[in-house]
Amino acid sequence: MNGTTHVPGKRVAGAPTHTSTPPEAQRGTGVLVVVLGAVFMALLDATVVNVATPAVRGDLRTTGAALQLIVSGYTLAYAALLITGARLGARHGFRTVFLLGLTVFTLASAACGLAPGAGALIGARVVQGLGAGLMVPQIYSLIQLTFEGRARARALSLYATVIAAAVVVGQVAGGLLVSADLFGTGWRPVFLINVPVGAALLAAAARLLPRQSDRRAKGLDLPGVVTLTAALLLLVVPLVLGHERHWPRWTGVCLAAAVPAAVLFVLVERAVARRGGAPLVPGRVLRSPDLVCGAAALFFCMAGYAGFLFVFSQHLQTGLGESAVRAGLTFVPLAAGVAVGSLTWQRLPARCHLPMIAVACTLAGAGYLGLGLVLRGGGTAGPAVLLLQLVWGLGLGFTTSPLLTLALSGIAPADAADASGVLTTVPQLAQVIGVAGYGSVFLTRAAGPGGRAAASAHALYATSLPVAVGSLLAGLAVLPLLSRRRLPGGATERPHTAR
61 MNGTTHVPGK RVAGAPTHTS TPPEAQRGTG VLVVVLGAVF MALLDATVVN
111 VATPAVRGDL RTTGAALQLI VSGYTLAYAA LLITGARLGA RHGFRTVFLL
161 GLTVFTLASA ACGLAPGAGA LIGARVVQGL GAGLMVPQIY SLIQLTFEGR
211 ARARALSLYA TVIAAAVVVG QVAGGLLVSA DLFGTGWRPV FLINVPVGAA
261 LLAAAARLLP RQSDRRAKGL DLPGVVTLTA ALLLLVVPLV LGHERHWPRW
311 TGVCLAAAVP AAVLFVLVER AVARRGGAPL VPGRVLRSPD LVCGAAALFF
361 CMAGYAGFLF VFSQHLQTGL GESAVRAGLT FVPLAAGVAV GSLTWQRLPA
411 RCHLPMIAVA CTLAGAGYLG LGLVLRGGGT AGPAVLLLQL VWGLGLGFTT
461 SPLLTLALSG IAPADAADAS GVLTTVPQLA QVIGVAGYGS VFLTRAAGPG
511 GRAAASAHAL YATSLPVAVG SLLAGLAVLP LLSRRRLPGG ATERPHTAR
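In terms of this note's numbering, the sequence shown is residues 61 to 559.
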């Protein structure tokens, strides 16, 4: 497999690398800019509103429950539609569904920014999440269609960098936009800024995205859609709303019901397959060791990242009294570490990639634990915090990017859409579970005895311990692949077998 970009339907089998024409390379770059811009915008909107919530509450006079739905309505709709969105892309064309999702997201962003009240804003946020759920699953498939070999690995590395950077930038951008109070609009530019950006991306996408020539006429598998959506909502809704509502009885009932709902989904999928239908998640996709081990490691990585980022931000703003903007700027070394790791891991020899992931998970775990230790006294710890964030970011960057490549390395092109749905759902669920689980540990301990800063510092330290353990579990998840010599970047080392 060479390192060129290609347009589906125009690839010449066995063509050498040097025959790739400049227009194809330029088109590949354009596709990457469009899809990364779209995923950055979608992920940014999952976090940017958190900083704007005080302003939203004051302007719209919302209740606490309404404010929770404004924040979580987007995430719930987004997470519930990801696997279904991937199937729709395979059935109707990745380009078509991407454009539809981007259009819905952009129009819903305008509705959010112009919402006259809390009810309208909640509804617009749900529609915005549905747009993201249609748009984001197509990105893996579009990268698969457009790039091969090392070019694909580089594209996925940039994708992983954008995922991590969007969360950090959301913290800063939300604070800056709300503080600027442009033309007296307060929190509304947090959403309205998506409108010109979305319009520009739509124009570029319509011109650059590849027109899929081998559309797979798979059925939509409505029983699978219904049961999977029910299982995801039973899991996500109580995790998102539970802590703020002090974990009422219904949250426990929903979480308990999520297990049999997941079992029912598996049974439904098997029945669909036996009837000769097209199950939402084909069994052969889940039988890929690369995908299973990579997705498991990715889950632990993203749960720890999102959870610790949440509690660290809470400590900075609530415990230490930092402003939203200053707290966001504190995470710049983290973003820098992620970018360096994501963009340089391929320079290591291919035989080192799998061990590198395990070592990088340990490095990230050391960053989490180190931050908990140096901050548990209640102070700011000075340069040590910046250095440990860099360690955390490098560990994450040398982990998430190769994991994305690893997880897709054994997937056939015909299953790219289904694998994309799984890989987009796993990080989203991981982030929800990470914020809810690790956040609950922090918030419970932060309400303990002592001064606000001291209690928050001890809570941060207590949270760093399970987060570090989760990071080590991510490293352990990829160890079974070492004996198989599956390597990220599209290469597979098999004795006595030529590529």
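Ideal Cβ positions, reconstructed from N, Cα and C, are used throughout, including at glycine.
- In summary, G427 is buried, with 16 or more beta-carbon neighbours lying within 10 Å of its beta-carbon over all protein chains present.
- Two segments are said to touch when three or more pairs of C-beta atoms, one from each, lie closer than 8 Å; by this definition the region 376–394 does not touch the region 476–485.
- Restricting attention to alpha helix (DSSP H) runs no shorter than 4 residues, the region 211–248 encloses none.
- Boundaries for P540: no alpha helix (DSSP H) harbours it, and the DSSP string shows neither H nor E there.
- Contact between F165 and G133 does not hold, since the beta-carbon distance rounds to 14 Å and is not under 8 Å.
- Of the residues L532, L216 and A513, the one whose Cα lies closest to the Cα of F372 is A513.
- Between the region 441–454 and the region 387–394, the count of Cβ pairs shorter than 8 Å is three or higher; the stretches touch.
- Taking a cut-off of 8 Å for Cβ pairs, the region 529–537 and the region 410–427 touch, as three or more such pairs fall below it.
- Residue environment for G88: buried (at least 16 other C-beta atoms within 10 angstroms of its C-beta).
- Distance from the CA of V313 to the CA of S516, rounded to the nearest whole angstrom, comes to 31 Å.
- With respect to the 7 Å criterion, V222 and V91 are not classified as neighbours on the basis of their beta carbons.
- Per DSSP, A410 lies in no alpha helix (DSSP H) and is assigned neither H nor E.
- Counted as a single uninterrupted DSSP element, the alpha helix (DSSP H) harbouring D350 occupies residues P349 to Q374.
- From the listed residues F370, T123 and L194, the smallest Cα separation to L181 is found for T123.
- Annotated three-state conformation of G191 is helix, per DSSP.
- Considering only G438, G430 and P349, the residue with the shortest C-alpha distance to V451 is G430.
- Taking all protein chains shown into account, S383 has fewer than 16 neighbouring C-beta atoms within 10 Å of its C-beta and is therefore exposed.
- Annotation for L315: P298 place their beta carbon closer than 6 Å to its own, counting only its chain and skipping 5 residues before and after.
- Listed in chain order, the alpha helix (DSSP H) elements of length 4 or more contained wholly in the region 434–518 are 443–468 and 476–506.
- Non-local C-beta neighbours of V187 in its own chain, meaning closer than 6 Å and more than five positions away in sequence, comprise A168, ordered along the chain.
- For a cut-off of 8 Å, the C-beta gap from S461 to Y200 is around 14 Å, too long to register as a contact.
- For the pair I417 and I493, the Cα-to-Cα distance works out to about 22 Å.
- Here the alpha carbon of T245 sits roughly 10 Å from the alpha carbon of L237.
- Three or more beta-carbon pairs separated by less than 8 Å link the region 320–333 to the region 283–296, which places the two stretches in contact.
- Rounded to whole angstroms, the separation of the alpha carbons of L466 and A220 is 13 Å.
- Note on the region 264–350: there is no whole beta strand (DSSP E) run with a minimum of 3 residues.
- For L261, same chain residues with a beta-carbon under 7 Å away, outside a window of 5 residues either side, are V94, G97, A98 and L162 in chain order.
- Closest in C-alpha terms to L346, from the list A170, I471 and G258, comes I471.
- Spanning the alpha carbons of D241 and V232 requires a straight line of approximately 15 Å.
- L294 and M362 have their alpha carbons spaced roughly 21 Å apart.
- For A357 against A537, the beta-carbon gap comes to about 4 Å, under 8 Å, which counts as contact.
- When rounded, the separation of the alpha-carbon atoms in R267 and E208 is 21 Å.
- At least 7 Å separates the beta-carbon of A112 from that of V296.
- Here the alpha carbons of L174 and R248 stand approximately 7 Å from one another.
- In this structure, G455 keeps its C-beta atom at 7 Å or more from the C-beta atom of Y521.
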